[in-house]
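What follows is a set of notes on a single structure, which appears directly below.
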Amino acid sequence: MIGSRQLHRNPSFRNPTFLSTWLLWLVGFLAFPIASLAGTAVGGRLSNPVSALIGGAVCGVVIGVGQVLVSRRRLDPLIWVPLSAIGMGLGLLLGSTVVDYGTTLAELALMGAVTGLVLGTAQAVALPRRARRRWLWALGVAALWALGWTLTTLVGVDVDAQHTNFGAIGAAAVTALSGLLLHFLLPYHPASGVWLPSRRVTTSTLGPQ
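When the sequence shown is numbered by our numbering, its final residue is 410 and no position is left out of the sequence of numbers.
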């Protein structure tokens, strides 16, 4: 008896599901509290234009790097990270100036919306060409940054310390929702598959019939 194993194209091999891709992106929320600490350490309290610009830029670098690492190569680090730094720095400068560095719930929500709009616009430019409706990213990040600051304030974080970015609770919500938005605008398309041995075995019998 002679057996031969056939090879076939298996499109499902190592193809990550939406859930696994989203969960990987969710890990990126860890970059947000790190970014806040780094931005505050370098720029100081968010109380003047210089601290806002420098602290925001540092935040943008850390957040941008974190997002690139969990994006499954959808984001180009040479474009995404610098534009995130520029967008976050200018956004935080504009946002904090608009509210005169206030820390009430309404002020922080407004600051977040302005910061997110500038950051989101910069990142929308950095999205790959195949991204669809990239302008939604700018609007989405604006809404999410306002949400991040709102949640941070409501859970009792000491916002009077004037950190450069919202806390872990806000970061988790922002990351979870931005992952859904990114999937809509820029779905992950892995390789279509690799050649694998199939489970089917074709046999032929040689001998008298």
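Cβ coordinates follow ideal geometry from the N, Cα and C atoms, glycine included.
In whole angstroms, give me the CA-to-CA distance for LEU318 and LEU238.
Against the sequence shown, residue 318 aligns to sequence position 117. Against the sequence shown, residue 238 aligns to sequence position 37. When rounded, the distance between both Cα atoms is 22 Å.
Nearest to GLY349 by alpha carbon, out of ALA362, LEU311, THR322 and ARG335?
If you number the sequence shown from 1, residue 349 lands on position 148. GLY349 has its Cα closest to that of LEU311, out of ALA362, LEU311, THR322 and ARG335.
Using the beta-carbon count (16 or more within 10 Å), is VAL315 buried or exposed?
Locating residue 315 in the sequence shown gives position 114, where the first residue counts as 1. VAL315 should be labelled buried.
Is there at least one Cβ from chain D nearer than 8 Å to LEU311's Cβ?
Going by chain labels, chain D is absent from the structure shown, which holds only one protein chain.
Whole runs of the alpha helix (DSSP H) within the stretch 228 to 267, excluding any shorter than 4 residues:
232 to 244
At what residues does the alpha helix (DSSP H) containing SER285 begin and finish?
In the sequence shown, the residue the question calls residue 285 occupies position 84. Counting along the chain, the alpha helix (DSSP H) containing SER285 begins and ends at 278 to 299.
ALA372 versus PRO391 - alpha carbon distance
Mapped onto the sequence shown, residue 372 falls at position 171. Mapped onto the sequence shown, residue 391 falls at position 190. Going from the Cα of ALA372 to the Cα of PRO391 covers about 27 Å.
Does the count of Cβ pairs from the stretch 242 to 253 and the stretch 261 to 275 closer than 8 Å reach three?
With fewer than three CB-CB distances shorter than 8 Å, the stretch 242 to 253 does not count as touching the stretch 261 to 275.
Measuring straight from C-alpha to C-alpha, what distance separates VAL232 and LEU224?
Translated into the one-based positions of the sequence shown, residue 232 becomes position 31. Translated into the one-based positions of the sequence shown, residue 224 becomes position 23. Per the sequence presented here, residue 232 reads as Ala, with Val not at that position. Taking the straight line joining both Cα atoms gives about 15 Å.
Give a yes or no on whether the C-beta atoms belonging to TRP281 and LEU383 are separated by under 8 Å.
For the purposes of this step, residue 281 is identified with residue 80 of the sequence shown, where counting begins at 1. For the purposes of this step, residue 383 is identified with residue 182 of the sequence shown, where counting begins at 1. Contact flag unset, no.
Spatial distance of LEU254 from PRO329 (CA atoms):
By 1-based counting over the sequence shown, the position of residue 254 is 53. By 1-based counting over the sequence shown, the position of residue 329 is 128. When rounded, the distance between both Cα atoms is 26 Å.
Through-space distance from HIS364 to CYS260, alpha-carbon basis:
Numbered from its first residue, the sequence shown carries residue 260 at position 59. Numbered from its first residue, the sequence shown carries residue 364 at position 163. CYS260 and HIS364: Cα-Cα distance of roughly 11 Å.
Which residues in the same chain have their Cβ closer than 7 Å to the Cβ of VAL326, if we skip the five residues on either side of it in sequence?
As a working mapping, residue 326 is identified with position 125 in the sequence shown. So the list reads LEU284, once near-sequence residues are dropped.
Determine the direct distance from the alpha carbon of GLY321 to that of LEU340, and round the result to whole angstroms.
Position 139 of the sequence shown, counted from the start, is the residue given in the question as residue 340. Position 120 of the sequence shown, counted from the start, is the residue given in the question as residue 321. Approximately 7 Å between the Cα atoms of the pair.
Starting from the Cα of LEU337, find the closest Cα among ASP359, ASN366, THR351 and SER379 and give me that residue.
In the sequence shown, the residue the question calls residue 337 occupies position 136. Of the listed residues, the one whose Cα sits closest to LEU337 is SER379.
Would you check if the distance between the CB atom of GLY257 and the CB atom of MET289 is smaller than 8 Å?
In the sequence shown, counting from the first residue as 1, residue 257 sits at position 56. In the sequence shown, counting from the first residue as 1, residue 289 sits at position 88. It is a contact, given that the beta carbons lie within the stated cut-off.
For a test of the three-state rule: what should DSSP assign to HIS384, helix, strand or coil?
Counting from 1 along the sequence shown, the entry for residue 384 is found at position 183. DSSP places HIS384 in helix when its eight states are reduced to three.
Is DSSP giving ASP361 helix, strand or coil here?
Residue mapping note: residue 361 aligns to position 160 of the sequence shown, counting from 1. The answer is helix: DSSP assigns ASP361 an H, G or I state.
Shortest alpha-carbon distance to LEU414 belongs to which of PRO278, LEU276 and TRP346?
Because residue 414 is not part of the residues shown, which for the chain are 202 to 410, the question remains open.
Out of LEU355, ALA286 and ARG334, state which residue places its alpha-carbon closest to the alpha-carbon of PHE385.
On the sequence shown, residue 385 is found 184 positions in, with the first residue counted as 1. When only C-alpha atoms are compared, the closest one is ARG334.
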